[in-house]
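J.:
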Amino acid sequence: MSSAPALKYLSGYPPALLAQVQGLIEAGRLGPYLAERYPEGHEVRSDKALFDYTQALKQRFMRNAEPLNKVCFDAKLKVIQHALGTHTRAQTVQGSKLKTRREIRVATLFKEAPADFLRMIVVHELAHIRELEHNKAFYQLCEHMEPRYGQLEFDLRLWLTQRELGAVAPPA
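End of the sequence shown = 172 in full-length UniProt numbering, gap-free, step of one.
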């Protein structure tokens, strides 16, 4: 595999699968494959739209979970540090009460990503409200909210690989 560094987002996957991906890259077919599989863009471009989008998913699947105080796009999140989104909670004391602020930040690159990938990253960050660690319960919750979660996560990694190679057009 001559372009092994290009597959950094796919580390941990079986060698046979990596060889298939490398074959798609070398044949120039990875971009067209992704464009055909994920043709739909989305209209979520502002922080308010992202908050509303996230709240709708939270209301549908996690109605009893603690409220979110903020959801926004964050240009400082870097894919290089493997941060596509973050979920933070900050506790403050106000008088005799302990208040918790919850925030979700999504990397700005998701403004241009296919709609399915935005949904996947929002589902991922929402799951962190209930499960802090990436354990079995976490992934079960992700798959409850998005049954194709595992495939979307893999395809997002393909999309990031293709994006790094410089040939990803935004979805329609």
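Note that beta-carbon positions come from the ideal geometry of N, C-alpha and C, so glycine has one too.
Alpha carbon to alpha carbon, how far is Pro39 from Lys58? Give it in angstroms, no decimals.
T.: Those two C-alpha atoms are separated by around 25 Å.
J.: May I ask you to list the residues that DSSP assigns as paired with Gly85?
T.: According to DSSP, Gly85 bridges with Val106.
J.: Do you know offhand how far Tyr9's Cα is from Ser96's?
T.: Going from the Cα of Tyr9 to the Cα of Ser96 covers about 46 Å.
J.: Hey, Leu18 and Leu7 are a contact pair by Cβ (cut 8 Å); roughly how many whole angstroms apart?
T.: That pair is a contact at about 6 Å.
J.: Kindly give me the distance between the Cβ atoms of Leu103 and Asn64, rounded to whole angstroms, as I take these residues to be in contact under 8 Å.
T.: Per the sequence shown, residue 103 should be read as Glu rather than Leu. About 19 Å separates the two Cβ atoms, so there is no contact after all.
J.: Would you mind stating whether Phe73 and Leu50 have Cβ atoms separated by less than 8 Å?
T.: A contact, by the Cβ cut-off of 8 Å.
J.: Excluding the 5 residues preceding and the 5 following Gln162 in the sequence, name in chain order all residues of the same chain whose CB lies nearer than 7 Å to its CB.
T.: Excluding sequence neighbours, Gln162 sits near Leu30, Gly31, Leu34, Val168.
J.: Is the Cβ-Cβ distance between Phe117 and Ala127 less than 8 Å?
T.: Contact flag unset, no.
J.: On the criterion of 16 or more Cβ atoms from any shown chain inside 10 Å, does Pro114 qualify as buried, or is it exposed?
T.: Answer is buried; the Cβ neighbour count reaches 16.
J.: Assuming Glu146 and Arg119 form a contact by the criterion Cβ under 8 Å, report the distance between their Cβ atoms to the nearest whole angstrom.
T.: Confirmed, Cβ separation roughly 6 Å.
J.: Can you tell me the Cα-Cα spacing of Glu125 and Thr86, whole angstroms?
T.: Approximately 6 Å between the Cα atoms of the pair.
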